[in-house]
Amino acid sequence: MTLKMVLADAKIWKNIVESLTLLDEANFMATERGIELRAMDPSRVAMVDFYLPASAFEKYECSEDYRLGINLDEMTQIMRRARSSDLLEMTLEGKAKLVLTFEGTNTRNFGMSLLDLGEQEYPAPTVESKAKIKLTADALQQAVKDAEIIGDHIRVHASDEGLTLAASSETKDVKVFIEKDSDVIAEFNVNEESSAMYSLSYLTEMTKAIKASELVMLAFSSSMPIQLEFPIIAGGKLTYYLAPRIET
Numbered sequence: 033m034t035l036k037m038v039l040a041d042a043k044i045w046k047n048i049v050e051s052l053t054l055l056d057e058a059n060f061m062a063t064e065r066g067i068e069l070r071a072m073d074p075s076r077v078a079m080v081d082f083y084l085p086a087s088a089f090e091k092y093e094c095s096e097d098y099r100l101g102i103n104l105d106e107m108t109q110i111m112r113r114a115r116s117s118d119l120l121e122m123t124l125e126g127k128a129k130l131v132l133t134f135e136g137t138n139t140r141n142f143g144m145s146l147l148d149l150g151e152q153e154y155p156a157p158t159v160e161s162k163a164k165i166k167l168t169a170d171a172l173q174q175a176v177k178d179a180e181i182i183g184d185h186i187r188v189h190a191s192d193e194g195l196t197l198a199a200s201s202e203t204k205d206v207k208v209f210i211e212k213d214s215d216v217i218a219e220f221n222v223n224e225e226s227s228a229m230y231s232l233s234y235l236t237e238m239t240k241a242i243k244a245s246e247l248v249m250l251a252f253s254s255s256m257p258i259q260l261e262f263p264i265i266a267g268g269k270l271t272y273y274l275a276p277r278i279e280t
């Protein structure tokens with residue numbers, strides 16, 4: 033039994049783990065192709081789909097498939113102890129313990145007991161999106177922050193002219209419009225004018241992935257789930273799916 037994953041920069045894993053705050057606990061699957069995770073949040077409104085290929089690691093040894101049940105709050109606490117110059121090594125000790133080692137000015141070993149979460153397998157969502165817009169993750173996060181101080185939900189609207197994100201309450205409202213040829217837009221494909229409303233609290237957590245990625249692909253259709261895909265190193269990706277708010 034061998035599982036060893038080494039990242040030259042511990043911040044890579046720290047940023048990924050801090051982007052998974054929608055989840056309390058989840059199964060990571062380590063295989064010879066890399067490490068991945070697909071899980072629903074506790075309320076089953078959102079899904080997280082994560083993949084980091086073996087090529088992203090300085091060293092990656094995986095003798096068989098491993099299911100690693102992780103308490104993400106605990107892992108986040110450990111990863112926040114990573115220093116900027118630290119190397120990170122993750123190894124399996126026996127069948128029920130993951131050891132995270134930070135190597136820098138000294139060597140620090142943190143052990144985590146693995147959880148038995150069952151198989152918890154979820155199929156990959158198939159969502160047909162009429163609007164697909166790739167933009168800087170910062171531009172999306174700033175629009176979400178603007179909406180956060182106004183209300184609990186955000187309306188996302190895509191047209192031939194650009195992308196609009198809006199929120200309102202009884203006394204306030206905000207509208208953020210990003211033109212399709214804005215410098216913050218890398219790709220803009222809108223086959224059909226689309227509009228849907230989503231929970232701001234979830235989108236706030238999702239946009240934390242800005243730490244792991246500079247760009248995000250936003251894809252949705254009217255009254256359908258929104259997909260946010262953040263590309264990360266070595267062809268890896270962190271993708272979120274969020275169900276729309278049902279409007280009456």
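Residue 95 in my numbering sits at position 63 of the sequence shown, with consecutive numbering throughout.
Using N, Cα and C, we set each Cβ at its ideal position, and we do this for glycine too.
Contact between the region 214-228 and the region 139-157: three or more CB pairs below 8 angstroms?
-> no
Using the C-alpha atoms, what's the distance from residue 133 back to residue 140?
-> In the sequence shown, the residue the question calls residue 140 occupies position 108. In the sequence shown, the residue the question calls residue 133 occupies position 101. Computed Cα separation, rounded: 6 angstroms.
Out of 56, 242, 105, 186, point me to the one whose CA is closest to residue 167's CA.
-> Counted from its first residue, the sequence shown places residue 167 at position 135. Answer by Cα proximity: 242.
Within 8 angstroms, strictly: CB atoms of residue 190 and residue 163 = Against the sequence shown, residue 190 aligns to sequence position 158. Against the sequence shown, residue 163 aligns to sequence position 131. Yes; because the gap between Cβ atoms is below 8 angstroms, this pair is in contact.
Between residue 275 and residue 77, is the Cβ-Cβ spacing less than 8 angstroms?
-> Walking along the sequence shown from the start, residue 275 turns up at place 243. Walking along the sequence shown from the start, residue 77 turns up at place 45. Cβ distance < 8 angstroms, so residue 275 and residue 77 count as in contact.
Grab me the residues of residue 224's own chain with a C-beta within less than 6 angstroms of its C-beta, minus the 5 sequence neighbours each way, in chain order.
-> Position 192 of the sequence shown, counted from the first residue, corresponds to residue 224. Counting only Cβ-Cβ distances below 6 angstroms, and skipping sequence neighbours, we find 162.
For residue 33, does the count of other Cβ atoms within 10 angstroms reach 16, so buried, or fall short, so exposed?
-> Position 1 of the sequence shown holds residue 33. So residue 33 counts as exposed.
Is residue 59 helix, strand or coil by DSSP?
-> Residue 59 sits at position 27 when you count from the first residue of the sequence shown. Strand.
Below 8 angstroms between beta carbons: does that hold for residue 63 and residue 94?
-> Walking along the sequence shown from the start, residue 63 turns up at place 31. Walking along the sequence shown from the start, residue 94 turns up at place 62. Yes, the pair counts as a contact, with Cβ atoms nearer than the cut-off.
Starting from residue 129, follow its DSSP beta bridges and name the residues at the other end.
-> Indexing the sequence shown from 1 puts residue 129 at position 97. DSSP, once it has assigned bridges, lists 125, 145 as partnering residue 129.
By the 10 Å Cβ neighbour count, where 16 or more other Cβ atoms means buried, how is residue 257 classified, buried or exposed?
-> Taking the first residue of the sequence shown as 1, we reach residue 257 at position 225. Looking at its Cβ environment, which holds 16 or more other Cβ atoms inside 10 Å, residue 257 is buried.
Can the beta-carbon of residue 61 be found less than 8 angstroms from the beta-carbon of residue 69?
-> Along the sequence shown, one-based indexing puts residue 61 at 29. Along the sequence shown, one-based indexing puts residue 69 at 37. Yes, they are a contact pair.
Hey, would you say residue 157 sits closer than 8 angstroms to residue 268, going by beta carbons?
-> Taking the sequence shown and counting its residues from 1, the one referred to as residue 157 is at position 125. Taking the sequence shown and counting its residues from 1, the one referred to as residue 268 is at position 236. Against a cut-off of 8 angstroms, the Cβ pair of residue 268 and residue 157 comes out as no contact.
Would you please verify whether the beta carbon of residue 120 is less than 8 angstroms from any beta carbon of chain E?
-> Looking at the structure shown, chain E is missing, and only one protein chain is on hand.
Within the region 138-190, note down every full alpha helix (DSSP H) run reaching 4 residues or more, in order along the chain.
-> 169-180
Flag this pair as yes or no: are the beta carbons of residue 236 and residue 202 separated by less than 8 angstroms?
-> In the sequence shown, the residue the question calls residue 236 occupies position 204. In the sequence shown, the residue the question calls residue 202 occupies position 170. No, they are not a contact pair.
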